[in-house]
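The next block holds one structure in the form of structure tokens; read it before the comments.
Number of protein chains: 2
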Amino acid sequence: MKVLILGAAGMLGRKLALHLQRVGRIQGHDISELVLADVIAPSQDGARCVEVNITDAGQVSALINERPDVIFHLAAIVSGEAEANFDKGYAINLGGTQNVLEAIRGQQAYCPRVVFASSLAIYGAPLPDVILDDTATLPLSSYGTQKSLGEMLVNDYTRKGFIDGVSLRLPTICIRPGAPNKAASGFYSSILREPLAGQEAVLPVAESLRHWFASPRAAVGFLAHGAEIDTAALGPRRALCLPGVSASVGEMLDALERVAGPKARALVRFEADAAVDAIVSTWPKAFDPQRALAHGFVAEASFDQIIQTHIEDELGGVLPSF
Amino acid sequence: MKVLILGAAGMLGRKLALHLQRVGRIQGHDISELVLADVIAPSQDGARCVEVNITDAGQVSALINERPDVIFHLAAIVSGEAEANFDKGYAINLGGTQNVLEAIRGQQAYCPRVVFASSLAIYGAPLPDVILDDTATLPLSSYGTQKSLGEMLVNDYTRKGFIDGVSLRLPTICIRPGAPNKAASGFYSSILREPLAGQEAVLPVAESLRHWFASPRAAVGFLAHGAEIDTAALGPRRALCLPGVSASVGEMLDALERVAGPKARALVRFEADAAVDAIVSTWPKAFDPQRALAHGFVAEASFDQIIQTHIEDELGGVLPSF
């Protein structure tokens, strides 16, 4: 079983690679080779690390010519950059995906499992309070448009028998490890991550705001499970909403207080930011992801558990003392 | 007001050109120039007819450099051909649309109205009996995928201010003039067109099968109206389901009998075709197109009227005697 991760240098790609090395198997077969590719070559022991420009069809073909059995396609530029740089967003997020799919189609007698990382950005307001598997999508960003285009190509290439594709609409990943960033969604992680490290954080929106979350560990589990499931039962609809935890900011902070005490919560300071609020208040609040649940995708059961996962995976299981 | 029709040599393109020449105005302004473009140059008096290969970005740019105020984008290969020739379908139906949008984006201070002809092929089973404006799409053909991709690009290029786009999900056009064709939907026209010309026709499906129709005249009206409407009120959702007539085959034949007599109906012979049935039985049965109705799109009120329109527009207002 040969496995290729495209976009392996990102946070999820790195964690996915470690997970696959740890479990060592996909679909009951040993992983004989793990290839990690990104625009700057990843660095990971026990894997072959490759530099690839996904907008270069020749470079992509060279990777696909090795005929990996499973391809995780996580390579993308993020929403802010895709919005600011229209050409780059389409070149990488759409054109890159087309290069991958076309390189696969160019092979003979080859139909790899392709797990495509999609996004909640394919949804746009107005939305119901609970999104169902068949709720219509309406991207309101170029990034969301590009992810939605990718999903539809995955469906069509699958229907034609060129790939065996699965698109996973990942919840917002929380708590993201690392430094604070300027993404509109960044506060969702920083209002937990910083207090858990004994540092102050700013909350730019009201505590009533609700959104849909899964931990990095759960997201890695989704991706890995996407390589395992029996896709025949999915029929032609290869895009899946995923399980997660629906939580308001207030509920997130309540969970923080339960796990780490009132002093941790007191480190979060409210400072309204209308620009951030305007973006994130249109995002999905909750899902009823019946199809993914029926196919065995599992997320955390509570926000407390999401915080506990962060403490285990990022803080060595230890809370700082206050 | 300069107007460009891409795909002007097709049935709808020809009728649209004649309609625009007849009314002479769009958005209250005289049409100063009408450019008709297709892969083989159209032929029509009073218009400039141009040969263009829509997969050639340079040729498309040359047309767009003239900065038409309104662009009707009807250029496409049809569903059967897009399914049989994957490369050609994507090159023309997706790549061609991208060429048009990119050529427009390449201009400075230019934001033309773009009316994009979409299709019911963006929907796929399972479907509700009545499709609403926000029913999720699920293309089950490469053609439907390509039209859906086009709609999403029209949304995104509109949102970014590069175009002022409208995508129209045309009902099945009935009664198509001309010779019978091999399209799966061909019988919907031939079971009426041939009897109205005193000729036999074959019905390959049960009379209970229901579908969604508009006449060629109504379809031309939709396209022309798409150039007239106030798009600001559409917001970021630029794709519209359109009004039409929901009719079962039995109701279509009842209408035929009312308009042309029992001898006309007797010319239709049932001959089951499971392959055709398998395709068309998954198609939309009816719509409740509230948004298009609110924006003033108008279709026929009955199937009798659809037949009457054919008699007026194609048969000189005269039924053959039996």
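So the sequences go chain by chain: F and H. The numbering of the first sequence is the numbering used here, which starts it at 1 and goes up by one. The numbering of the second sequence is the numbering used here, which starts it at 323 and goes up by one. Each residue gets a CB set at the ideal place from its N, CA and C atoms; glycine is no exception.
**Request:** Determine, using beta carbons only, whether residue 88 of chain F comes closer than 9 Å to chain H.
**Result:** Looking up residue 88 of chain F in the first sequence gives position 88. For residue 88 of chain F, the answer is no, since every Cβ of chain H falls outside 9 Å of its Cβ.
**C-alpha gap between residue 391 of chain H and residue 360 of chain H, whole angstroms** = Within the second sequence, residue 391 of chain H is the residue found at index 69, counting from 1. Within the second sequence, residue 360 of chain H is the residue found at index 38, counting from 1. Roughly 18 Å between the two C-alpha positions.
**Request:** Classify residue 355 of chain H as helix, strand or coil using the three-state DSSP reduction.
**Result:** Residue numbering aside, residue 355 of chain H sits at position 33 when the second sequence is read from its first letter. Strand.
**DSSP state of residue 531 of chain H mapped onto helix, strand, coil** = Residue mapping note: residue 531 of chain H aligns to position 209 of the second sequence, counting from 1. Coil at residue 531 of chain H, not helix or strand.
**Where residue 182 of chain F falls: helix, strand or coil (DSSP)** = Taking the first residue of the first sequence as 1, we reach residue 182 of chain F at position 182. Residue state, collapsed to three classes: coil.
**Prompt:** Is residue 162 of chain F helix, strand or coil by DSSP?
**Reply:** As a position in the first sequence, residue 162 of chain F is number 162, starting the count at 1. Residue 162 of chain F: coil per DSSP, three-state reduction.
**Request:** Measure how close the beta-carbons of residue 325 of chain F and residue 116 of chain F come, nearest whole angstrom, since I'm counting them as under 8 Å.
**Result:** Here chain F covers residues 1 to 322 and nothing more, so residue 325 of chain F does not appear.
**Prompt:** The alpha helix (DSSP H) with residue 573 of chain H in it runs from where to where?
**Reply:** Within the second sequence, numbered from 1, the residue matching residue 573 of chain H stands at position 251. It spans 571-582 - the alpha helix (DSSP H) in which residue 573 of chain H sits, taken as one unbroken run.
**Asked** Nearest-angstrom Cα distance between residue 493 of chain H and residue 537 of chain H?
**Response** Start at 1 with the first residue of the second sequence, and residue 493 of chain H comes out as number 171. Start at 1 with the first residue of the second sequence, and residue 537 of chain H comes out as number 215. Between residue 493 of chain H and residue 537 of chain H, the C-alpha separation is close to 9 Å.
**Item:** Cβ-Cβ distance between residue 304 of chain H and residue 411 of chain H below 9 Å
**Value:** This structure leaves residue 304 of chain H out entirely; chain H is present only between 323 and 644.
**Prompt:** Do residue 268 of chain F and residue 305 of chain F have their C-beta atoms closer together than 9 Å?
**Reply:** The residue you call residue 268 of chain F lines up with position 268 of the first sequence. The residue you call residue 305 of chain F lines up with position 305 of the first sequence. No, they are not a contact pair.
**Message:** Among the candidates H/408, H/454, H/373 and H/329, whose CA atom is the shortest distance from the CA of residue 612 of chain H?
**Reply:** Position 290 of the second sequence, counting from 1, holds the residue named residue 612 of chain H. Out of H/408, H/454, H/373 and H/329, H/454 has the C-alpha closest to the C-alpha of residue 612 of chain H.
**Message:** Taking beta-carbon pairs under 8 Å, can you tell me which members of the stretch 433-462 of chain H lie near chain F?
**Reply:** 446, 456, 457, 458, 459, 460, 461 and 462
**Asked** Grouping DSSP H, G and I as helix and E and B as strand, with all else coil, what is residue 220 of chain F?
**Response** Along the first sequence, one-based indexing puts residue 220 of chain F at 220. Residue 220 of chain F falls in the helix class under three-state DSSP.
**Prompt:** Could you give the residue range of the alpha helix (DSSP H) that holds residue 284 of chain H?
**Reply:** This structure gives no information on residue 284 of chain H, because the portion of chain H shown stretches from 323 to 644.
**Request:** Rounded to whole angstroms, what's the CA-CA distance from residue 263 of chain F to residue 257 of chain F? Just pull it up for me.
**Result:** Sequence index remark: in the first sequence, residue 263 of chain F carries index 263 (1-based). Sequence index remark: in the first sequence, residue 257 of chain F carries index 257 (1-based). Looking at the two C-alpha atoms, the distance is approximately 8 Å.
**Request:** Throw me the rounded Cβ distance for the residue 363 of chain H and residue 372 of chain H pair, which I believe falls under 8 Å.
**Result:** Sequence index remark: in the second sequence, residue 363 of chain H carries index 41 (1-based). Sequence index remark: in the second sequence, residue 372 of chain H carries index 50 (1-based). With 8 Å as the limit, residue 363 of chain H and residue 372 of chain H qualify as a contact, their Cβ atoms being about 6 Å apart.
**Prompt:** Considering only the beta carbon of each residue, do residue 543 of chain H and residue 341 of chain H sit closer than 9 Å?
**Reply:** Translated into the one-based positions of the second sequence, residue 543 of chain H becomes position 221. Translated into the one-based positions of the second sequence, residue 341 of chain H becomes position 19. Against a cut-off of 9 Å, the Cβ pair of residue 341 of chain H and residue 543 of chain H comes out as a contact.
**Prompt:** On the three-state DSSP scale, how would you describe residue 172 of chain F?
**Reply:** Mapped onto the first sequence, residue 172 of chain F falls at position 172. Looking at residue 172 of chain F - three-state DSSP - the assignment turns out to be strand.
**Prompt:** Can you find a CB in chain F that lies within less than 9 Å of the CB of residue 482 of chain H?
**Reply:** The count along the second sequence starts at 1 and reaches residue 482 of chain H at position 160. Yes - at least one Cβ of chain F is within 9 Å of the one on residue 482 of chain H.
**Message:** Taking the alpha-carbon of residue 294 of chain F as reference, which of F/164, F/231 and F/139 has the nearest alpha-carbon?
**Reply:** Position 294 of the first sequence, counting from 1, holds the residue named residue 294 of chain F. For the residues F/164, F/231 and F/139, the minimum Cα distance to residue 294 of chain F belongs to F/231.
**Request:** Return helix, strand or coil for residue 591 of chain H, following the three-state DSSP convention.
**Result:** For this step, residue 591 of chain H is matched to residue 269 along the second sequence. Three-state result, residue 591 of chain H: strand.
**Request:** Throw me the rounded Cβ distance for the residue 469 of chain H and residue 444 of chain H pair, which I believe falls under 8 Å.
**Result:** As a position in the second sequence, residue 469 of chain H is number 147, starting the count at 1. As a position in the second sequence, residue 444 of chain H is number 122, starting the count at 1. Residue 469 of chain H to residue 444 of chain H, Cβ: 5 Å. Contact.
**Asked** What does a CB cutoff of less than 6 Å around residue 507 of chain H pick up in its chain, not counting 5 residues either side in sequence?
**Response** As a working note, residue 507 of chain H is residue 185 in the second sequence. Excluding residues within five positions, the ones whose Cβ falls inside 6 Å are 494.
**Unbroken alpha helix (DSSP H) run spanning residue 61 of chain F, endpoints** = Here the question's residue 61 of chain F lines up with position 61 in the first sequence. First-last of the alpha helix (DSSP H) with residue 61 of chain F: 57-64.
**Item:** Distance between residue 642 of chain H and residue 127 of chain F (C-alpha atoms, nearest Å)
**Value:** By 1-based counting over the first sequence, the position of residue 127 of chain F is 127. By 1-based counting over the second sequence, the position of residue 642 of chain H is 320. Computed Cα separation, rounded: 54 Å.
**Request:** Please report the residue range of the beta strand (DSSP E) in which residue 321 of chain F lies.
**Result:** Within the first sequence, the letter at position 321 stands for residue 321 of chain F. Neither: residue 321 of chain F is in no beta strand (DSSP E) and is coded neither H nor E.
**Prompt:** Under three-state DSSP, which class holds residue 113 of chain F?
**Reply:** In the first sequence, residue 113 of chain F corresponds to position 113, counting from 1. Strand, per DSSP.
**Message:** Mapping the DSSP letters down to three states, classify residue 313 of chain F as helix, strand or coil.
**Reply:** The residue labelled residue 313 of chain F in the question sits at position 313 within the first sequence. It is helical.
**Message:** Does the CB of residue 169 of chain F have a neighbour CB from chain H at under 9 Å?
**Reply:** For the purposes of this step, residue 169 of chain F is taken as the residue at position 169 of the first sequence. No, because no Cβ of chain H sits closer than 9 Å to the Cβ of residue 169 of chain F.
**Request:** Assess, as a yes-or-no matter, whether the stretch 595-606 of chain H is touched by the stretch 512-528 of chain H under the definition of 3 or more beta carbon pairs within less than 8 Å.
**Result:** yes
**Item:** For residue 324 of chain H, the residue or residues it bridges with in DSSP
**Value:** As a working note, residue 324 of chain H is residue 2 in the second sequence. Residue 324 of chain H is bridged to H/355.
**Request:** Closer than 8 Å by C-beta to residue 377 of chain H: which residues in its own chain qualify, once you throw out the five before and the five after it? Chain order, please.
**Result:** Here residue 377 of chain H refers to the residue found at position 55 when the second sequence is read from its first residue. The answer, listed in chain order, is 413, 414, 417, 418 and 421.
**Asked** Do you know whose CA, among F/13, F/130 and F/312, lies nearest residue 241 of chain F's CA?
**Response** The count along the first sequence starts at 1 and reaches residue 241 of chain F at position 241. Answer by Cα proximity: F/130.
**Message:** Could you tell me the alpha carbon to alpha carbon distance between residue 124 of chain F and residue 280 of chain F, rounded to whole angstroms?
**Reply:** Sequence index remark: in the first sequence, residue 124 of chain F carries index 124 (1-based). Sequence index remark: in the first sequence, residue 280 of chain F carries index 280 (1-based). Cα to Cα, residue 124 of chain F sits roughly 11 Å from residue 280 of chain F.
**Item:** DSSP state of residue 399 of chain H mapped onto helix, strand, coil
**Value:** Residue 399 of chain H sits at position 77 when you count from the first residue of the second sequence. DSSP places residue 399 of chain H in coil when its eight states are reduced to three.
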